[in-house]
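S.K.: Here the numbering used here is used: the first residue of the sequence shown is 1, the next is one more, and so on. Can you read through this structure? Questions will come right after.
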Amino acid sequence: MFEIQNVAVPGYQPIKYLGKGWYSNVYLMKHEALAVERAVKLIPKHRIADSNKFHSEAQILQDLRHDNIVSVHDAGITDDFVYLAMEYLPDGSLMSISNDTLLPTRKTLSFVCETSYGLEYAHNKGFVHRDIKPGNILIGSNGTAKLSDFGLASKLTDTGTATASGYPAHRAPEMIRSNESTTQSDIYGMGVCLYRLLNGDSFLPSYGDQLEQQILAGKFPNRARYQPFIPRSLRTVVNRALSVNPTERQKDVSEFRYQVQNCKVFFDWIVLSPDEYITILDSIIYRVHLWQNRTGSHCVELTRQAVGGAQRRVIKDCAEFAQKRAAVVHMHTVINRIANKGS
1 MFEIQNVAVP GYQPIKYLGK GWYSNVYLMK HEALAVERAV KLIPKHRIAD SNKFHSEAQI
61 LQDLRHDNIV SVHDAGITDD FVYLAMEYLP DGSLMSISND TLLPTRKTLS FVCETSYGLE
121 YAHNKGFVHR DIKPGNILIG SNGTAKLSDF GLASKLTDTG TATASGYPAH RAPEMIRSNE
181 STTQSDIYGM GVCLYRLLNG DSFLPSYGDQ LEQQILAGKF PNRARYQPFI PRSLRTVVNR
241 ALSVNPTERQ KDVSEFRYQV QNCKVFFDWI VLSPDEYITI LDSIIYRVHL WQNRTGSHCV
301 ELTRQAVGGA QRRVIKDCAE FAQKRAAVVH MHTVINRIAN KGS
């Protein structure tokens, strides 16, 4: 179903398939009259139950013109599809650029804060997004983040609610309990999104058919498990956004962003392997390494090296252990101390 030759949109020349959403496929197409590239979403008509809502997403995006929200340029209907032509952002989503390696922590926080400006604007206009995830945060041509995919967005009622919808792993507990979404549900979605970007999806618990039960119990994501270099202040902000009780989360997106911006992150760590981490601060390279020596002991070594200078061991943080588990605990303690204190 992704064959380009089977895709026809009046006035557009298909170039290539880009990806898929809940109910749609997205293609790169060239607008023939304007000679510009657009990301064109095709939604099968039968996936939209109410024909009066064929252009719902286009109308929402038209109403939500903001620097941190993907803009819409055109919309229409063919025999088989509703189409939506949006700005094309070739750098892709946070999901696509973080698939192979973790993004730098400080850049991740910048992207999330930029996204929150777009989300705050949507909330102020009376909409909830209901599908916030790394795949729906795109990178604009100027390197800033833009919130996309408003296909599941909804106008809030007079009581400040909408029906629940969205990616199952990002559904807030109240969406499961009462089938309702609020702006607090979007804050929860931002919390899950930030947790995933900071730690990588390998930190998400396996759940099988128990996902809803784990969400309701506050066990998905695992609030006690973070990369060792994530400072306590940032863990606290994320865990608050992930509160099972909506009233215990940040009161709005603005407060969430303020708290994220005020977390002190001294380093961007690179995870070379589970046993080796490096970072650079003020031209000083820190390297934490765990290995097994010839006697079978597990050794942890922290070194400091000025760029162009000699590598020096930080003796007080170097240690040897009979069990690897104890060595891993020590290594994580060292990294965590540096992350929280900057040295």
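Just so you know, even glycine gets a beta-carbon here, dropped at the ideal spot from N, CA and C.
In the DSSP assignment, the beta strand (DSSP E) including residue 76 goes from what residue to what residue?
M.R.: Segment 72-77, the beta strand (DSSP E) holding residue 76.
S.K.: Under the three-state reduction of DSSP, which class applies to residue 323: helix, strand or coil?
M.R.: Note: residue 323 maps to coil in three-state DSSP.
S.K.: For residue 283 and residue 234, what's the separation of their Cα atoms in angstroms?
M.R.: Approximately 24 Å, taken between the alpha carbons.
S.K.: Identify whether residue 193 lies in helix, strand or coil by the three-state DSSP scheme.
M.R.: Three-state result, residue 193: helix.
S.K.: Alpha carbon to alpha carbon, how far is residue 157 from residue 328?
M.R.: Going by the C-alpha atoms only, they are around 51 Å apart.
S.K.: So residue 109 is in the alpha helix (DSSP H); what residue range does that whole segment cover?
M.R.: Residue 109 -> alpha helix (DSSP H) spans 105-124.
S.K.: Which ranges would you report for the beta strand (DSSP E) in the region 279-326 if only whole runs of at least 3 residues count?
M.R.: For the region 279-326, whole beta strand (DSSP E) runs of length 3 or above, ordered along the chain, are 284-292, 298-306, 311-313, 319-321.
S.K.: Tell me the DSSP bridge mates of residue 83?
M.R.: Paired residues: 42, 76.
S.K.: What would DSSP say about residue 244, mapped onto helix, strand or coil?
M.R.: Correct three-state label for residue 244: coil.
S.K.: Give me the Cα-Cα distance between residue 251 and residue 242, rounded to the nearest whole angstrom.
M.R.: When rounded, the distance between both Cα atoms is 13 Å.
S.K.: Kindly give me the distance between the Cβ atoms of residue 289 and residue 275, rounded to whole angstroms, as I take these residues to be in contact under 8 Å.
M.R.: With a Cβ gap of about 7 Å, residue 289 and residue 275 count as contacting.
S.K.: Give me the Cα-Cα distance between residue 17 and residue 266, rounded to the nearest whole angstrom.
M.R.: Roughly 40 Å between the two C-alpha positions.
S.K.: Which residues in the same chain have their Cβ closer than 7 Å to the Cβ of residue 125, if we skip the five residues on either side of it in sequence?
M.R.: Excluding positions up to five away in sequence, the list reads 63, 64.
S.K.: What does the alpha-carbon distance come out to for the pair residue 102 and residue 205?
M.R.: Approximately 18 Å, taken between the alpha carbons.
S.K.: Under DSSP, the alpha helix (DSSP H) around residue 58 begins and ends at which residues?
M.R.: Run containing residue 58: 56-63, per the alpha helix (DSSP H) assignment.
S.K.: Determine whether the beta carbon atoms of residue 174 and residue 246 lie at a separation below 8 Å.
M.R.: Yes; because the gap between Cβ atoms is below 8 Å, this pair is in contact.
S.K.: Distance check for residue 324 and residue 226, CA to CA, integer angstroms please.
M.R.: Roughly 19 Å separates the two Cα atoms.
S.K.: Compare the C-beta of residue 129 with all C-beta atoms of chain C and state if any pair is closer than 8 Å.
M.R.: Considering every chain present, this structure includes no chain C. It has just one protein chain.
S.K.: Under the rule that 16 or more other beta-carbon atoms within 10 Å means buried, what is residue 165, buried or exposed?
M.R.: It is buried - the Cβ of residue 165 has at least 16 other Cβ atoms within 10 Å.
S.K.: Quick check on residue 230: does DSSP put it in helix, strand or coil?
M.R.: In this structure, residue 230 counts as coil in the three-state DSSP scheme.
S.K.: Since residue 119 and residue 129 are thought to touch, with beta carbons under 8 Å apart, how far apart are those beta carbons, to the nearest angstrom?
M.R.: At roughly 6 Å, the Cβ-Cβ gap stays under 8 Å, so residue 119 and residue 129 are in contact.
S.K.: With a threshold of 7 Å (Cβ to nearest heavy atom), would residue 342 be considered close to the ligand HEM?
M.R.: The ligand HEM is not part of this structure, which contains no ligands at all.
S.K.: Tell me the DSSP secondary structure of residue 219 in three-state form.
M.R.: Coil, per DSSP.
S.K.: Can you tell me whether DSSP reads residue 150 as helix, strand or coil?
M.R.: Residue 150: coil per DSSP, three-state reduction.
S.K.: Alpha carbon to alpha carbon, how far is residue 42 from residue 34? Give it in angstroms, no decimals.
M.R.: Going from the Cα of residue 34 to the Cα of residue 42 covers about 20 Å.
S.K.: Mark residue 197 as exposed unless 16 or more other C-beta atoms lie within 10 angstroms of its C-beta, in which case mark it buried.
M.R.: Result: buried.
S.K.: For residue 1, count neighbouring C-beta atoms within 10 Å of its own C-beta (all shown protein chains included) and say buried if the count is 16 or more, exposed if not.
M.R.: Unreliable placement is indicated for residue 1, whose pLDDT of 46 sits below 50; the coordinate value is still reported in the next sentence. Per the 10 Å Cβ criterion, exposed.
S.K.: Quick check on the DSSP output: the beta strand (DSSP E) that includes residue 27 runs from which residue to which?
M.R.: From DSSP, the beta strand (DSSP E) with residue 27 extends over 25-31.
S.K.: Three-state secondary structure (DSSP) at residue 333?
M.R.: Helix.
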